[in-house]
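Chemist: In my numbering, the protein residues as written are 8 to 405.
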Ligand SMILES: *[C@@H]1O[C@H](CO)[C@@H](O)[C@H](O)[C@H]1NC(C)=O
Ligand SMILES: *[C@@H]1O[C@H](CO)[C@@H](O)[C@H](O)[C@H]1NC(C)=O
Ligand SMILES: *[C@@H]1O[C@H](CO)[C@@H](O)[C@H](O)[C@H]1NC(C)=O
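(1) Cα separation between residue 75 and residue 121?
(2) Ordered along the chain, which non-local residues of its own chain (more than five positions away) have a Cβ less than 6 Å from that of residue 356?
(3) Closer than 8 Å by C-beta to residue 402: which residues in its own chain qualify, once you throw out the five before and the five after it? Chain order, please.
(4) Using 7 Å as the threshold, is the C-beta distance between residue 148 and residue 385 below it?
(5) Taking DSSP's pairing of strands, which residues face residue 264 in a bridge?
(6) How would you write the range of the alpha helix (DSSP H) that residue 243 sits in, first residue to last?
(7) In chain order, what residues of the same chain lie with their CB nearer than 7 Å to the CB of residue 180, ignoring the 5 residues before and after it?
(8) Determine which residues share a DSSP beta bridge with residue 396 and list them.
(9) Can you tell me whether residue 287 is helix, strand or coil according to DSSP?
(10) My guess is that residue 220 and residue 126 are in contact by the Cβ rule of under 8 Å, so how many angstroms apart are they, rounded?
(11) For the alpha helix (DSSP H) that contains residue 160, what are its first and last residues?
(12) Where does residue 388 fall in DSSP's three states?
(13) Apart from the five residues on each side of it in sequence, which residues of its chain come closer than 7 Å, Cβ to Cβ, to residue 164?
(14) Please tell me whether residue 289 and residue 347 are closer than 7 Å, where the distance is taken between their beta carbons.
(15) On the criterion of 16 or more Cβ atoms from any shown chain inside 10 Å, does residue 50 qualify as buried, or is it exposed?
(16) Helix, strand or coil, according to DSSP, for residue 297 in the structure here?
(17) Within 10 Å of its beta-carbon, does residue 182 have 16 or more other beta-carbons around it, so buried, or fewer, so exposed?
(18) In this structure, how does DSSP classify residue 232 when only helix, strand and coil are distinguished?
(19) Identify, in the order they occur along the chain, each residue of the same chain with its Cβ nearer than 8 Å to the Cβ of residue 78, setting aside the five sequence neighbours on each side.
(20) Give me the pocket residues for ligand 2, defined as CB within less than 6 Å of any heavy atom, sorted by chain position.
(21) What separation, rounded to the nearest whole angstrom, lies between the Cα atoms of residue 271 and residue 329?
(22) With which residues is residue 97 paired in a DSSP beta bridge?
(23) Does residue 218 come out as helix, strand or coil in the three-state DSSP assignment?
(24) In this structure, does DSSP put residue 237 in helix, strand or coil?
(25) Would you mind reading off the limits of the beta strand (DSSP E) that contains residue 403?
(26) Can you tell me which residues form a DSSP beta bridge with residue 272?
(27) Going by DSSP, what residues sit across from residue 70 in a beta bridge?
(28) So what does DSSP say about residue 312, is it helix, strand or coil?
(29) Give a single yes or no on whether residue 123 has its beta carbon closer than 6 Å to a heavy atom of ligand 1.
(30) Going by Cα to Cα distance, which pick from 154, 249, 54 is closest to residue 218?
(31) Helix, strand or coil for residue 131, going by three-state DSSP, please let me know.
(32) Please classify residue 247 as buried or exposed, where buried requires at least 16 neighbouring CB atoms within 10 angstroms.
(33) Run through DSSP, which three-state label would residue 224 get?
(34) Leaving out the 5 sequence neighbours to the left and right, which residues in its chain are closer than 7 Å to residue 394 when beta-carbon positions are compared?
(35) Kindly give me the distance between the Cβ atoms of residue 285 and residue 353, rounded to whole angstroms, as I take these residues to be in contact under 8 Å.
(36) To the nearest angstrom, how far is the alpha carbon of residue 331 from that of residue 257?
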């Protein structure tokens, strides 16, 4: 059975709230979904107020959700739970409350932290397969951009808010210098649901918080173009992950018409280990070439920060592999008109970068799934670029 999906776990939220857990037999799933049922929308465990970094009159907060226990790589073996992308992954799916209302979000990022406030990353054996937050209170731009907007993903009723993966990249709803007048508009109240999958490569359980850091302005920052994040996959309207037949290959997506006028204010690829780069074109012209940046890692002992092999955990059940720690981003706004054809080609070279190791429920070693996806931060607007400039006096960095 091919078991995949980012959004299908949102269906699990509905199932959980409807009290139907019958077909979810996995113990862990029971525990996670059980938590969800016992307190449908628990607030953040902690909210930190931070100084704004983009706009002088903005607010910035970090909300900590959790903690969540990630079972040991040894103890946790899947029994074929649906909705899962990595056989050693833990899914955490829940509504998120406590975000601003009647506001405009400029930036959002999901990070993992240990209880002691240290970041939890690949170097501590915690791998983020994905963290996806969608908002079903909005319908402005498809969260999954695909030809004909068909199927479960293509017609998903919501927009993309904070989305990150192994590259741990931030979501910008303006340009990183803050000058482009756009933002993720929240008209009244957002209806946010998070689905995530995390993998613990260590032999001991690890407890993490999922922290959402975001910066926002009160109200609808005067006539800012409304921005959100869309996923665009080489697999079209189908689920984004697949298992390739060869190690060196490229895949082209369908050419998909832009649903509206506006700007791609941020484009970044999302590849899994083995990926080399991914190219986006608009009407056949290359507008972004997003490259995978690798760091040496060791499965359990961790790398990601250029640790020497001899400092790593000798018990490491996985061998070394190159892990993607960043995808280069294209941050110069790219104008698009409704109907313009967006297309991309992803390039994998599994000889140069071996795929991420993982294992099945019996402990048998497997290669992880692959993806060829662009995260496109799209700001809808009919205005020319020069009318979408924030006054420099409003910016923190002028
Ligand atoms: C915080 O906790 C993590 C996980 O237990 C540990 O690896 C790290 O060394 C701790 N950091 C500090 C500063 O205590
Ligand atoms: C948002 O603003 C509208 C109009 O000003 C108001 O009616 C509504 O109660 C506000 N919503 C929240 C959640 O503050
Ligand atoms: C892309 O794949 C095709 C085969 O599907 C191959 O002919 C072509 O050379 C590849 N392009 C690059 C740049 O690797």
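Ideal placement from N, C-alpha and C gives every residue a C-beta, glycine not left out. Here the structure is a predicted model, which means the values were calculated and not measured.
Modeler: Taking the definition as stated:
(1) Distance between the alpha carbons of residue 75 and residue 121 is about 10 Å.
(2) Counting only residues of its own chain and dropping the five nearest sequence neighbours on each side, residue 356 has a CB closer than 6 Å to the CB of 255, 283.
(3) Answer for residue 402: 61, 62, 63, 184, 185, 186, listed in chain order.
(4) Yes, the pair counts as a contact, with Cβ atoms nearer than the cut-off.
(5) Answer is 348, bridged to residue 264.
(6) For residue 243, no alpha helix (DSSP H) segment is defined, and its DSSP state is neither H nor E.
(7) Within the same chain, residue 180 has close Cβ partners 112, 113, 114, 189, 190, 191, 234, 384.
(8) Paired residues: 187.
(9) Three-state result, residue 287: strand.
(10) In fact, because the Cβ distance is near 12 Å, the residues do not count as touching under 8 Å.
(11) Its alpha helix (DSSP H) spans residues 158-161.
(12) Note: residue 388 maps to coil in three-state DSSP.
(13) Taken in chain order, the residues that qualify are 143, 146.
(14) Yes. Within cutoff.
(15) It is exposed - the Cβ of residue 50 has fewer than 16 other Cβ atoms within 10 Å.
(16) Residue state, collapsed to three classes: strand.
(17) Classification of residue 182: buried, given that the 10 Å Cβ count is 16 or more.
(18) Three-state result, residue 232: strand.
(19) These residues qualify, in order along the chain: 35, 97, 207, 212.
(20) Those residues, listed in chain order, are 108, 109, 195, 196.
(21) Going by the C-alpha atoms only, they are around 30 Å apart.
(22) The partner list for residue 97 (beta bridge, DSSP) reads 205.
(23) The answer is strand: DSSP assigns residue 218 an E or B state.
(24) In the displayed model, residue 237 falls within a strand according to three-state DSSP.
(25) Note, residue 403: premise wrong, no beta strand (DSSP E); not H, not E.
(26) For residue 272, DSSP records no beta bridge to any residue.
(27) DSSP lists 54, 219 as partners of residue 70.
(28) Any reading at residue 312 must be qualified, since the residue scores a pLDDT of 31, below 50, and its modelled position is unreliable; the value itself is stated next. Shown here, residue 312 sits in coil according to DSSP, grouped into three states, outside any helix or strand.
(29) Yes, the beta carbon of residue 123 sits closer than 6 Å to at least one heavy atom of ligand 1.
(30) Per the Cα distances, 54.
(31) Residue 131: helix per DSSP, three-state reduction.
(32) So residue 247 ends up on the buried side.
(33) Under the three-state reduction of DSSP output, residue 224 falls in the strand class.
(34) None.
(35) Between residue 353 and residue 285 the Cβ distance is about 4 Å, and since that is below 8 Å, they are a contact.
(36) So the two alpha carbons sit approximately 18 Å from each other.
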